[in-house]
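Structure first, then comments.
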């Protein structure tokens, strides 16, 4: 476990928010590369996805999130016949990135909602903690 | 000592704070594949705490329950954000209520000490 200090509500939320940010960045990269073409099938862009895993802290009983890595999807690039294209191969084909724009938009929206939820929960928890501290 | 001073409210406040952490963990793991949402059964956990304060042997993890999802999802995650949000709000309200009981107790003791 990389973190040596015990997990608090704050550090847990921070890590979860970073994980959501990685996920949102991955989806945004996919959207940015939608429609990009390549002259070879192997050279075409393939969408990436963040992989989340639970990070259980036994001392405090809290369960945080960590990003274990990014995986590239196995979807085949879309072959399109376009001999006039400057990147076309000898058969006149270009290979398009297989990005599903709708799915990426939904991914970004879901990620944003979960991020918002985290912020809201953190605000409530912080307010309660402050109230407890201020009471004499 | 804790029991004598604050009665049941001291244990209840700690438990509410722990439950807040558990529900926040569920919210944080809303997108983690295979994560199983947890919750604390407040009655059972509070009974166990009070028994422990009286010196009786008990399980410190009593009251920990898995949440049963309304509809299971394909990736094995059992977090339902709407339910977690409601549980979090309810728990925050109860925390506030318990805190005001504790504050009242502290106030009356302070007043007694000052002799007002």
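Residue numbers (this note's numbering), protein chains in the order written: chain R, 1 to 136; chain B, 1001 to 1116. Even for Gly, the Cβ is constructed at its ideal location relative to N, Cα and C.
Between residue 55 of chain R and residue 42 of chain R, the CB-CB gap reaches or exceeds 8 Å. Residue state for residue 39 of chain R is assigned as coil, using DSSP reduced to three classes.
Only exposed fits residue 1075 of chain B, as fewer than 16 other CB atoms lie within 10 angstroms of its CB. Secondary structure note for residue 69 of chain R: its beta strand (DSSP E) is the uninterrupted segment 62 to 72. For residue 81 of chain R, the uninterrupted beta strand (DSSP E) segment begins and ends at 78 to 81. Shown here for residue 73 of chain R: same chain residues with a beta carbon closer than 8 Å to its own, the five before and five after excluded, namely 46, 47, 48, 49, 98 in chain order.
With respect to residue 82 of chain R, residue 88 of chain R sits close: the two C-beta atoms are nearer than 8 Å. Within its own chain, the residues whose Cβ lies closer than 8 Å to the Cβ of residue 1040 of chain B, once the five positions on either side in sequence are excluded, are 1015, 1018, 1019, 1022, 1063, 1064, 1065, listed in chain order. Annotation: the continuous alpha helix (DSSP H) that includes residue 1102 of chain B extends over 1081 to 1114. With a cutoff of 8 Å on beta-carbon distance, residue 34 of chain R and residue 95 of chain R are scored as not near each other. Under the three-state reduction of DSSP output, residue 93 of chain R falls in the strand class. In the DSSP assignment, residue 49 of chain R falls outside any alpha helix (DSSP H) and within the unbroken beta strand (DSSP E) covering 48 to 57. Along the stretch 1076 to 1100 of chain B, going in chain order, the ones with a CB nearer than 9 Å to a CB of chain R are 1081, 1084, 1085, 1088, 1089, 1092, 1095, 1096, 1099, 1100. Under the three-state reduction of DSSP, residue 99 of chain R is assigned to coil, being neither helix nor strand. Considering only R/85, R/91, R/58, R/122, the residue with the shortest C-alpha distance to residue 1027 of chain B is R/122.
Judged by their CB atoms, residue 28 of chain R and residue 1099 of chain B are not nearer to each other than the 8 Å cut-off.
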